[in-house]
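> Just passing along the structure, written as structure tokens.
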Amino acid sequence: MTAIVWIRRNLREYDNTAIIKAAEEHRKVIPVYIVDKKYFREQTLGYPRVKFWRESLTELKQNLLRHKSKDLVIRHGEPLEKLESLVQETEADALYFNRDYTPYSRKRDKEIIERLEIPVKTFKDHVMFEKDEILTEKETPYKVYGYYKRKWFQREKRKPQEPEDYSVPVVDSSHIPTLEELGFQKPDHMNEVWSGGRKEGLKRLENFKQQIGAYKNQRDYPAKDATSKLSPHIKFGTVSIREIYWESERTRRNQATEGIETWQEELAWRDFYYQVLWHNPQTVNRPFLEQYNNLDWRSKEDVEEVWKRFVNGKTGFPFVDAGMRQLKQTGWMHNRLRMLVTSFACKDLWLDWKDVHDYYKKMFIDADIASMVGGIQWAYSIGTDAQPYFRVFNPTSHAEKYDPDGEYIKKWVPELQNIPESYLYTPWRMPEYVQQNADIIIGKDYPEPIVNHDERRKEAIERFEKANENQKN
Ligand SMILES: Cc1cc2nc3c(=O)[nH]c(=O)nc-3n(C[C@H](O)[C@H](O)[C@H](O)COP(=O)(O)OP(=O)(O)OC[C@H]3O[C@@H](n4cnc5c(N)ncnc54)[C@H](O)[C@@H]3O)c2cc1C
Numbered sequence: 032m033t034a035i036v037w038i039r040r041n042l043r044e045y046d047n048t049a050i051i052k053a054a055e056e057h058r059k060v061i062p063v064y065i066v067d068k069k070y071f072r073e074q075t076l077g078y079p080r081v082k083f084w085r086e087s088l089t090e091l092k093q094n095l096l097r098h099k100s101k102d103l104v105i106r107h108g109e110p111l112e113k114l115e116s117l118v119q120e121t122e123a124d125a126l127y128f129n130r131d132y133t134p135y136s137r138k139r140d141k142e143i144i145e146r147l148e149i150p151v152k153t154f155k156d157h158v159m160f161e162k163d164e165i166l167t168e169k170e171t172p173y174k175v176y177g178y179y180k181r182k183w184f185q186r187e188k189r190k191p192q193e194p195e196d197y198s199v200p201v202v203d204s205s206h207i208p209t210l211e212e213l214g215f216q217k218p219d220h221m222n223e224v225w226s227g228g229r230k231e232g233l234k235r236l237e238n239f240k241q242q243i244g245a246y247k248n249q250r251d252y253p254a255k256d257a258t259s260k261l262s263p264h265i266k267f268g269t270v271s272i273r274e275i276y277w278e279s280e281r282t283r284r285n286q287a288t289e290g291i292e293t294w295q296e297e298l299a300w301r302d303f304y305y306q307v308l309w310h311n312p313q314t315v316n317r318p319f320l321e322q323y324n325n326l327d328w329r330s331k332e333d334v335e336e337v338w339k340r341f342v343n344g345k346t347g348f349p350f351v352d353a354g355m356r357q358l359k360q361t362g363w364m365h366n367r368l369r370m371l372v373t374s375f376a377c378k379d380l381w382l383d384w385k386d387v388h389d390y391y392k393k394m395f396i397d398a399d400i401a402s403m404v405g406g407i408q409w410a411y412s413i414g415t416d417a418q419p420y421f422r423v424f425n426p427t428s429h430a431e432k433y434d435p436d437g438e439y440i441k442k443w444v445p446e447l448q449n450i451p452e453s454y455l456y457t458p459w460r461m462p463e464y465v466q467q468n469a470d471i472i473i474g475k476d477y478p479e480p481i482v483n484h485d486e487r488r489k490e491a492i493e494r495f496e497k498a499n500e501n502q503k504n
């Protein structure tokens, strides 16, 4: 009896539910990865994520070969066609894979389940709880995170597992394409792109466990580097969600409970957004709050200069610019900045959230549709349990609060390194002689603010209020 396990984004063998189940029920298991070049062309993918994916896939294949005398079969092409031919070649009896939840994957997987001539079994692996597992008393999906979270914490959580032993028959395998073959090159503006692979993921987890107790108090200060930075590993499944949850539980002996639980709450946010996407697949294109579907956002083509200044970190608001430059140079941005810059894109620049989404999708090393749509719609005040539209982040006071020493700003906006502390958050207020002393001219070496925040804040609130009025009429 032979099962094919189609590996997609769970790039590990340990605690991989589809492998565990296949190995339990079949003597022979064929793990296969299908590289669909069409996907690389059609999706807005960027260098950091493709590099991370490739390194993780390569490491998985090498680990299976070197340590386990097994293989990961690589095929190139369209998934249904490649699976059909693999079934014919190997006379496999069943196909196993872990479920995915984006509209794109759901459509693809449905077709495969319907058209493949062998039984297909799918599994929950990527999240702790999925679909309808956590519902309200009225059996409807939760729209408010706080209530969802309470149940998330109460529910029993499976422990990670090693698959039983299995053998992999010899099957033809292709190579893993290079980045060049896929059409990706390291852009000049990127200088600190993270490495992929399970080994690196486990190292990060170990490091983070030593400091998880401080997470609650320090996570909002980007200069402190107090978050796990596990997001691309979670996205590509080089570590499993159960594994990291239970590893965080193990730190209860020597780390502060408040830090551990606040971190676990983030894992619950992730599940929350996955279930929002599952029940509302339309949110990839439309706001969850329908009344905001016709807001007159400005497209990046309409305001080309504004768009360029935003993505290049040249808005003249130092904290916003620091966040956007961190993203541009590394492919990752701290959560506090993701909230601030996205709020700024909305309330200050009135940029179309879908343009922002496409940019993030290309740039984020951890781009994950559920969390990204959830996060953007939260900051734009158009999503589930979103930031209310009238509560607008102030880019200056936000910086004073979350970067009190200016360390983060100075790292990512080095031209501000020498200006007096009192002007770090408002460089445009520097008198000319101070600018000359600090060797920086505002408007030349660093931009004037792109907007008047107070005016833009008022205008944005009025636009939201008008949309609310229209809905009532
Ligand atoms: C506008 C916006 C867009 C975002 N886009 C993404 C995205 O594409 N991919 C992504 O993984 N996260 C996204 N997030 C959530 C969050 O910013 C990142 O998960 C986090 O910054 C990753 O860093 P970390 O691994 O150090 O997180 P930690 O603070 O260590 O958190 C641990 C894990 O919990 C999950 N998590 C943390 N915060 C959130 C959250 N608010 N929502 C959902 N899951 C969360 C992530 O998997 C993260 O790795 C977005 C947030 C916003 C506001």
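Last residue of the sequence shown: 504 (the working numbering), numbering continuous. Every residue gets a Cβ at the ideal spot worked out from N, C-alpha and C, and that includes glycine.
1) Grab me the residues of residue 505's own chain with a C-beta within less than 6 angstroms of its C-beta, minus the 5 sequence neighbours each way, in chain order.
2) Quick check on residue 462: does DSSP put it in helix, strand or coil?
3) Contact check, residue 414 vs residue 320 under 8 angstroms by CB: the rounded distance?
4) To the nearest angstrom, report how far apart residue 437 and residue 476 are at their CA atoms.
5) I need the boundaries of the alpha helix (DSSP H) containing residue 154, first residue and last residue.
6) Regarding residue 261 and ligand 1, is the C-beta to nearest heavy atom distance less than 6 angstroms?
7) If we define contact as Cβ-Cβ less than 7 angstroms, is residue 301 a contact residue for chain D?
8) Using three-state DSSP, classify residue 257 as helix, strand or coil.
9) Determine, using beta carbons only, whether residue 317 and residue 325 come nearer to each other than 7 angstroms.
10) Sorted by chain position, which residues of the same chain lie with C-beta nearer than 7 angstroms to residue 160's C-beta, five sequence neighbours on each side aside?
11) Go to residue 267, then tell me how far its alpha helix (DSSP H) extends in each direction, as first and last residue.
12) What I want to know is whether the C-beta of residue 506 ends up closer than 6 angstroms to one or more non-hydrogen atoms of ligand 1.
13) Given a cut-off of 7 angstroms, decide if residue 118 and residue 204 are closer than it, judged by their beta-carbon atoms.
14) Is any heavy atom in ligand 1 found nearer than 6 angstroms to the beta carbon of residue 397?
15) Check whether the region 269 to 276 and the region 394 to 403 are in contact - that is, three or more C-beta pairs closer than 8 angstroms.
16) Is residue 50 near ligand 1, in the sense that its beta carbon is under 6 angstroms from a heavy atom of that ligand?
17) What is the residue span of the alpha helix (DSSP H) that residue 126 lies within?
18) Does the region 45 to 55 come into contact with the region 190 to 210, if we say contact requires no fewer than three beta-carbon pairs (one atom in each stretch) closer than 8 angstroms?
19) Taking Cβ to Cβ, would you say residue 465 is nearer than 7 angstroms to residue 349?
20) Closer than 6 angstroms: is that where the CB of residue 373 sits relative to any heavy atom of ligand 1?
21) Report the residue from 206, 481, 357, 263 whose alpha carbon sits nearest the alpha carbon of residue 40.
22) For the region 304 to 313 and the region 123 to 135, state whether three or more C-beta atom pairs, one from each stretch, are separated by less than 8 angstroms.
23) Distance check for residue 481 and residue 331, CA to CA, integer angstroms please.
24) Rounded to the nearest angstrom, what separates residue 407 and residue 110 at their Cα positions?
25) So what's residue 16 in DSSP terms, helix, strand or just coil?
Concretely, from the data shown:
1) In the structure as shown, the chain begins at 32 and stops at 504. Residue 505 is therefore absent and cannot be evaluated.
2) Walking along the sequence shown from the start, residue 462 turns up at place 431. Three-state DSSP puts residue 462 in coil, outside helix and strand.
3) Your numbering for residue 414 matches position 383 in the sequence shown. Your numbering for residue 320 matches position 289 in the sequence shown. Going by Cβ atoms, the distance from residue 414 to residue 320 rounds to 7 angstroms, so yes, they are a contact pair.
4) Here the question's residue 437 lines up with position 406 in the sequence shown. Here the question's residue 476 lines up with position 445 in the sequence shown. So the alpha carbons of these two residues sit roughly 19 angstroms apart.
5) What you label residue 154 is simply residue 123 of the sequence shown in a count that begins at 1. Element bounds for residue 154: not the alpha helix (DSSP H) but the beta strand (DSSP E), 151 to 154.
6) Along the sequence shown, one-based indexing puts residue 261 at 230. Answer for residue 261: yes, Cβ within range of ligand 1.
7) This model lacks chain D altogether, as it is built from one protein chain only.
8) On the sequence shown, position 226 is the one that residue 257 refers to. Residue 257 falls in the coil class under three-state DSSP.
9) Taking the first residue of the sequence shown as 1, we reach residue 317 at position 286. Taking the first residue of the sequence shown as 1, we reach residue 325 at position 294. Going by C-beta atoms, residue 317 is not nearer than 7 angstroms to residue 325.
10) Here residue 160 refers to the residue found at position 129 of the sequence shown. Closer than 7 angstroms at Cβ, skipping near neighbours: 183, 186, 302.
11) Counting from 1 along the sequence shown, the entry for residue 267 is found at position 236. 262 to 267 is the extent of the alpha helix (DSSP H) around residue 267.
12) Given a span of 32 to 504 for the chain in the structure shown, any question on residue 506 remains unanswerable.
13) Against the sequence shown, residue 204 aligns to sequence position 173. Against the sequence shown, residue 118 aligns to sequence position 87. Contact: no.
14) To locate residue 397, count along the sequence shown from 1; it is residue 366. It does: the Cβ of residue 397 is within 6 angstroms (strictly closer) of some heavy atom of ligand 1.
15) no
16) To locate residue 50, count along the sequence shown from 1; it is residue 19. Because no heavy atom of ligand 1 lies under 6 angstroms away, the Cβ of residue 50 does not count as near it: no.
17) Stepping through the sequence shown from its first residue, residue 126 is reached at position 95. No alpha helix (DSSP H) holds residue 126; the beta strand (DSSP E) holding it covers 125 to 129.
18) yes
19) By 1-based counting over the sequence shown, the position of residue 465 is 434. By 1-based counting over the sequence shown, the position of residue 349 is 318. Going by C-beta atoms, residue 465 is not nearer than 7 angstroms to residue 349.
20) Counting from one through the sequence shown, the residue named residue 373 turns up at place 342. Checking every heavy atom of ligand 1 against the Cβ of residue 373, one is found closer than 6 angstroms.
21) Translated into the one-based positions of the sequence shown, residue 40 becomes position 9. Closest by alpha carbon: 263.
22) Counting Cβ pairs under 8 angstroms, three or more are found: they touch.
23) Taking the sequence shown and counting its residues from 1, one reaches residue 331 at position 300. Taking the sequence shown and counting its residues from 1, one reaches residue 481 at position 450. Answer to the nearest angstrom: the Cα atoms are 15 angstroms apart.
24) Here residue 407 refers to the residue found at position 376 when the sequence shown is read from its first residue. Here residue 110 refers to the residue found at position 79 when the sequence shown is read from its first residue. The alpha-carbon atoms of residue 407 and residue 110 are separated by roughly 31 angstroms.
25) Residue 16 is absent from the model: the chain starts at 32 and stops at 504.
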